[in-house]
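S.K.: The structure under discussion is supplied below as structure tokens; questions concerning it will follow.
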Amino acid sequence: MYSFFTLFLLWFSFFPLSLQAGPIPSNSSTKEQGLPINNMKIDWWLVRAKNHELPGFNTQLSFKLEDYDALCLGDTSRKVIYLTFDEGYENGYTPQILDILKAKNVPAMFFVTDPYLTQNPAIITRMTDEGHLVVNHSVHHPSMPSIANDLEKFKNELLTVATHYKEITGKEMPPFFRPPMGHYSERSLALTQQLGYKTVFWSFAYADWDPKKQPEPSHAKTVMVNGLHNGAIYLLHAVSKTNTEVLDPFIDDARSLGYTFELLPY
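One rule links them: number in the working numbering = place in the sequence shown (from 1) + 40.
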């Protein structure tokens, strides 16, 4: 389910890392609707910096991410943090996370898959009622380049989630999408943009996703605090017991260092 990059990160327990891109077979040899033909799969990764400097990213590409409304940082002119949680299934911790966010008056973005959305309407409604953004993480959690040559399948992965969100909340889903596993290609970014979405990567992540292999809380909080930087987009997983335990003190520590918490604008 996870890329080599994420497994590598887990093994080395929070050390910097890198990964080479690999190809996705293409069944198309012509441009469709003016979209790029380049469908080479790329894995999103970063290299952490010290002293709260901006991290490095694998953005030495033949195209610019911003040309396709893709981002990995927010406002880097200020000490602001954007908390994001990926939600593929409910592990019993999201209500506690929401309690903490409410008590601390901190907004967050929840990237949800369609099964999570449809199976947890009460939680989705609470998220929106309490000022958080519920945003798109696909229906089936595919590697998006693997379906980028099937336009209908690609569209359905995003638009189905948006449709079900509106059925539950009566609102339009905010136009943010996080590609599963951080897999992308120039073509998948262009398709996402054509559907009206901004692609949101991240500038901080750590090995928090496996409920059976949870990081030790004090070490996790240290890693999270050391990772703070201007405009940071934090990727966290709501299935994590450790995240639930350290979220409250992490917010306090970040604020003590002068950081504020905001939502990405749209």
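Glycine residues also receive a C-beta, built at the ideal position from the N, C-alpha and C atoms.
For clarity, every value in this text was computed on a predicted model and none was experimentally measured.
In whole angstroms, what is the alpha-carbon distance linking residue 237 and residue 153?
M.R.: Roughly 15 Å separates the two Cα atoms.
S.K.: Distance check for residue 275 and residue 265, CA to CA, integer angstroms please.
M.R.: When rounded, the distance between both Cα atoms is 14 Å.
S.K.: Here's the rule I'm using: 16 or more other beta-carbon atoms within 10 Å means buried, otherwise exposed. How should residue 127 be labelled?
M.R.: When all chains shown are included, residue 127 counts as buried.
S.K.: Could you give the C-beta distance for residue 287 and residue 92, rounded to a whole number, given that I count them as a contact under 8 Å?
M.R.: With 8 Å as the limit, residue 287 and residue 92 do not qualify as a contact, their Cβ atoms being about 19 Å apart.
S.K.: Buried or exposed: which applies to residue 300, given that a residue is buried once 16 or more other Cβ atoms fall within 10 Å of its Cβ?
M.R.: Counting Cβ neighbours within 10 Å, residue 300 comes out exposed, since fewer than 16 surround it.
S.K.: Quick one: residues in its chain with C-beta nearer than 6 Å to the C-beta of residue 63, no 5 flanking neighbours on either side, listed in chain order?
M.R.: Because residue 63 carries a pLDDT of 34, less than 50, the predicted location of this residue cannot be relied on, and no value is offered for it.
S.K.: How many whole angstroms separate the CB atoms of residue 108 and residue 233, which I take to be in contact at a CB cut-off of 8 Å?
M.R.: Indeed they touch by this definition, with Cβ atoms about 5 Å apart.
S.K.: Does DSSP put residue 111 in a helix, a strand or coil?
M.R.: Residue state, collapsed to three classes: strand.
S.K.: Which residue from 82, 86, 114, 95 puts its Cα closest to that of residue 38?
M.R.: Any question about residue 38 goes unanswered here, given that the chain covers just 41 to 306.
S.K.: Just tell me which of 187, 230, 160 has its CA closest to the CA of residue 207.
M.R.: Comparing Cα positions, the closest option is 160.
S.K.: Just list the residues that DSSP pairs residue 149 with in beta bridges.
M.R.: Beta-bridge pairing links residue 149 to 124, 173.
S.K.: Taking the continuous beta strand (DSSP E) assigned at residue 239, which residues delimit it?
M.R.: Its beta strand (DSSP E) spans residues 238 to 240.
S.K.: Which same chain residues, not among the five before or five after residue 183, have their C-beta less than 7 Å away from its C-beta?
M.R.: Around residue 183: 81, 220, 221, 223.
S.K.: Assuming residue 94 is part of the alpha helix (DSSP H), what are its boundary residues?
M.R.: Run containing residue 94: none; DSSP gives neither H nor E here.
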